[in-house]
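Shown next, in structure tokens, is the structure this report addresses.
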Amino acid sequence: MTATGKPAGPRTGMEAQRKPWEEVRDDLIAQLHAGQDGVLLAESLAARADALITQVARQVLSADQWKGLALIAVGGYGQRMLAPGSDVDLILLHRWYQRHGARHIARLLVPALWDMGLRPGFAIRMVHECGRLAKADLTCLTTLRSARLLIGDRGLADSLSRSLDALPRTRAGKYLLRTMIQEVLARRSHDDQQSEPDLKNGPGGIRDLQFIDWIAWLATGRRFAEHLPCVWKTASDEERLRSAQELLWRVRWWLHALAPRCGDRLALGLQDQIAQRLGYRDSEDRHAAEQLLVQLNRTRRLVVSVLDRLIAHFDASPSKSRPSASPVPIRQVGGRLWDIDGHEPVARDPELAIQLLDALAQMGGRPGAVLLNALERLCSDRKIDWTAARRMFLARLGRSRGLGAFVRLLNETGLLARLLPGWERIHALPQLTSYHAYTVDEHCIAALEMACTAEAAERDELWNELSRPLSERDRSILHLALLLHDAGKGSRSDHSRVGARIARSVAEQLMLTNRECELLVFLVASHLSLSGTAFHRDPHDLASVRELAETVQTPHRLKLLYLLTICDILAAGPGRLTSWKLDLLRLTYQSTHAILTGSLPPALLGHTSHLPEKKRELAAQYGATSGTRFQSWLAMLPPEYLHAYPPERVVEDYREISRLRRSKCRVRVEAATGSRRRVRIYSHDRPRLFLDIVAGLYAAGTDVLHARATTLPDGSVIDEFLVVDHVEDSPELRHRRIEQAILEATVSQNPRELLKHRPLVRRSTSLSPLTQPRVAFENQEDVTLVEVFAPDYPGLLYDVLLCLYTHRLDITKACVATYGDRAVDVFYVRDQFGHPVTDEAHLKRLRHDLVSTLQKLVPARHV
Amino acid sequence: MVKIEAIIRHYKLDEVKDALTRAGVQGMTVTEVRGFGRQKGHKEQYRGAEYVVDFVPKLKVEVAVPDELAEAAVEAITTAGRTGQVGDGKIFVIPLSDAVRIRTGERGEVAL
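This is the structure in structure tokens:
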């Protein structure tokens, strides 16, 4: 203002006259530092803005000149809630005869407000124009809804208020309600950066708190606070919403105070600073920023939950059918909101609660206030036994349909924390990295949803192929692993290890079998191993892939690990699983699978350009004396064989094969480390040959640790075994005895007789009580893979082979391995007609027989 | 000033990043890319099906450095990114006419 009291032009004395508004803000920020409440500060700033604006307005016009004019505060300012960086929105209402006067006043008023340091949003309107705009545009409606007279003609302000109050009862009001609900849902799907929450426009932010008021008003014609109690909100929600508002405003004030240009998004770089200002301190397992974000996330979730229930209540498309599976009578209390009549049964019975929530989730319904109260009582009652409910939950995890929505309801109502011990610590826990868009629990549930919906299957054909044949029980374990894979986050230790401990404790609570427990713990402990090899190591490097194969041990576990890894990355946030990553993951999976099943990894097939060179070298080295026969033998060698062995070994194998006479067998035994021996057998293929060789090895007092069987296209066989010798004697004698036993077994073809003379041996390994036998099948184009995973015992391989041959299956290739006390054997088998086994009944019988055989563990006759 | 674009093996990123940091380079941009040079596409076979992989996953590292640091940065990438096998990647050095730090408006080498 100039010294004469006239409004100053926009440029005159600008620097000096900006100060009043800046001083006001600085004063209130000082109060913030002193610990003042956020909501009170927001109200104080609005009140100080009122004082400044009315003061300027009075200087522009005297009181009697405001006839037919009214200066109205709208938007957040109209609600008396301002942050330091908030817009100040004003409307100058006028009657028809004040059209020119209003423009004149605006020309005086706006520059004067700028000179005070304010940057008002300003519009000149008549009442009927406001009404028209409010009916047509949601933003105009919500801005005008909070209209408040600052100075001028009260009649104008009242008539604006009346025109808006009539809106909920009109068709336009119903249309606006629908549009508003769509707007809320659209906002939610667009903003998913939970690591940097938007305090105003993000899910559960200040705007959502306003939406609760606006939707309640549009749907009922009454303000939110005026119709309590109601079916979509519990009594405790009211108090919690007030606390939510206070926290959101307090954090927003600090954000604006510390970073005026930052907007309303709580950026990663500011979180710790603001947390410290709010009194949070780093503790042993949580940073101050994490503590703040946990509280903020829980607050925002409450707002979202109340808003969702409100929307469900007033949903224009209510669900028509009753949930058929509901265990107790429930009634529709509006839209998609369902409720029960009394607390008691549900508040005492967790199984009932689970069934009820599942039924609601299946039909897209949401729980009403009575049900929510009952669930709250159920969760807080520490005397209730959850054992049966946990079993029920585990069984439900095996069925994908509607599982995501069900688990979300469990999480929202607090039941998930009671079902899964350890879940509470990751509830609403932020992930302070830009890679993760969601909190830990949201991420885990999203990963589960990726597996249950078509998302992962559509993104990756291999995922689809691998997930289809999973049994319901394996699916349960996979889904449980997806929920728990990041359960160890929030501690300073390696989260995979901490998660594995939590997974073991959950497995005990859920009473998983030993095999299932072991599988779950493996998946949680190793959930980063596949992606680690794919992204941080060379998946073309055989040593890296072998290391992963040793961790994974079986093709079945690898399959589940792949499924988990894809869902984990998909659930980190939109766009996280790129085709670049997918290619590397597939390559690593295929390479590891090939190693576990005794094939040459595809990663190395791309680098087999050296094999022709190797063949040429071999031909040059030995070809002069052997001529074309050696070269034709070289030509039929499979790449995995050629790749695996050095040239001198290939030449040696050729020589041994050349010396074979029909139906004869040649055996070579060499000492390996300790009591181990390496045994090579050359023969011509015939049915049961592999079984006879194993019987011979077994009869000689050895046990097979690793085996690799190769059948060449001309019918010659090269089998290599690494065995542990249980009999102490001179190496020469032992080698001769082993050779003799194999020759006897292959020539007599009657291993039963031979086995009677097996020397008495002690077990060299202790059995793990956690390991139980498991058999899996995988049909490929022309062969069936039989995967056997079992606690190792002397004679296991023989028992398995006997079972396979009893089912008239021919083994074309085998990969036998022992990891500690566990045997992992993969056999490539065909039926007697040379076809893969596709008959489900046959496979079922085979599985039953194999498992029965392996469950004997240590048959009495062998010890 | 020059911009250095290096196409490297993806699993060499940590080593290249450490080497560049040691050489005095302060910031870098990393992008997932695909491509092939002399490595060509290669054939892969998995479970009986043969398919051709035309483009191999690689990472592109981009850094902008003053002229005097360019040689050291290239050397750092070369040493850290090398395996000696075909497919180790390429480094491109491109002259830069200017650089602007958006926050402050500073230009030239001070903005790097």
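Protein sequences appear in the order of chains A and B.
Residues in the first sequence are numbered from 110 upward in steps of one, following our numbering.
Residues in the second sequence are numbered from 906 upward in steps of one, following our numbering.
The beta-carbon is built from N, C-alpha and C at its ideal position, and this holds for glycine as well.
A quick note: this is a predicted structure, and the numbers were derived from the prediction, not measured.
Item	Value
Secondary structure of Gly994(B), DSSP reduced to three states	strand
CB contact below 8 Å: Tyr951(B) versus chain A	With a pLDDT of 41 at Tyr951(B), under the threshold of 50, the modelled position of this residue cannot be trusted, and the question is left open.
Cα-Cα separation between Gly443(A) and Leu350(A), rounded to whole angstroms	22 Å
Contained beta strand (DSSP E) runs [length at least 3] in the segment 739-799 of chain A, N- to C-terminal order	774-780 and 785-793
Reduced DSSP secondary structure (H/G/I, E/B, other) of Leu52(A)	Given a span of 110 to 972 for chain A in the structure shown, any question on residue 52(A) remains unanswerable.
Distance between Trp223(A) and Asp135(A) (C-alpha atoms, nearest Å)	17 Å
Test item: CB-CB of Leu976(A) and Leu161(A) under 8 Å	Since the first residue shown for chain A is 110 and the last is 972, residue 976(A) is missing from the structure and cannot be characterised.
At least three beta-carbon pairs within less than 8 Å, the segment 307-326 of chain A to the segment 415-423 of chain A	yes
Cross-chain neighbours of Arg939(B) in chain A, by beta carbon under 7 Å	Trp689
Sub-8 Å separation of His552(A) and His545(A) beta-carbons	yes
Proximity of Arg297(A) and Pro312(A) at Cβ, strictly below 8 Å	yes
Chain-ordered neighbours of Phe644(A) on chain C, where CB pairs are closer than 8 Å	The structure shown contains no chain C; its protein chains are A and B.
Own chain residues within Cβ distance below 7 Å of Thr947(A), not counting five before or after	Asn888
Proximal chain B residues relative to Leu693(A), where beta-carbon distance stays under 8 Å	His915 and Pro962
Bridge partner(s) assigned by DSSP for Leu1017(B)	Its beta-bridge partners do not exist; DSSP assigns none.
Rounded straight-line distance, which links the Cα of Ala854(A) to that of Leu769(A)	17 Å
Separation of Tyr807(A) from Gly904(A), as counted between CA atoms	6 Å
Whole-number beta carbon distance between Leu465(A) and Ser435(A), since they are thought to touch under 8 Å	6 Å
Where the segment 658-677 of chain A meets chain B: residues whose CB sits under 7 Å from a CB there	none
Distance, Leu402(A) Cα to Arg410(A) Cα	12 Å
Classification of Thr988(B) by the beta-carbon crowding that lies within 10 angstroms, buried from 16 upward	exposed
The segment 625-652 of chain A: positions lying closer than 7 Å to chain B by Cβ	Phe644, His645, Arg646 and Asp647
Counterpart residues of Asn888(A) in DSSP-defined beta bridges	Thr893(A)
Contact belief for Leu696(A) with Leu619(A) at Cβ below 8 Å, rounded distance in angstroms	The Cβ separation is near 35 Å, so there is no contact.
Exposed unless 16 or more other CB atoms sit within 10 angstroms - verdict on Ser873(A)	Annotation note: pLDDT 45 at Ser873(A) (below 50); position unreliable, coordinate value reported separately. Exposed, because fewer than 16 other Cβ atoms sit within 10 Å of the Cβ of Ser873(A).
Nonlocal neighbours in the same chain, by C-beta distance under 7 Å from Gly511(A), ignoring five residues either side	Ala470 and Gln471
Interface flag, Ala911(B) vs chain A, CB-CB below 8 Å	no
Extent of the continuous alpha helix (DSSP H) to which His213(A) belongs	Arg208 to Asp224
Presumed contact (8 Å Cβ cut-off) between Val183(A) and Ser255(A), rounded CB distance	6 Å
Alpha carbon of Trp495(A) to alpha carbon of Gln404(A), nearest angstrom	27 Å
As assigned by DSSP and simplified to three states, the class of Pro1000(B)	strand
Length-filtered (3 minimum) beta strand (DSSP E) runs lying within the segment 907-937 of chain A	919-928
Beta strand (DSSP E) segment containing Pro369(A), residue limits	Taken as a continuous stretch (DSSP letters only), Pro369(A) belongs to no beta strand (DSSP E), as it is neither H nor E.
8 Å Cβ cutoff met for Leu154(A) and Leu191(A)	yes
Proximity below 8 Å, CB of His213(A) to CB of Val340(A)	no
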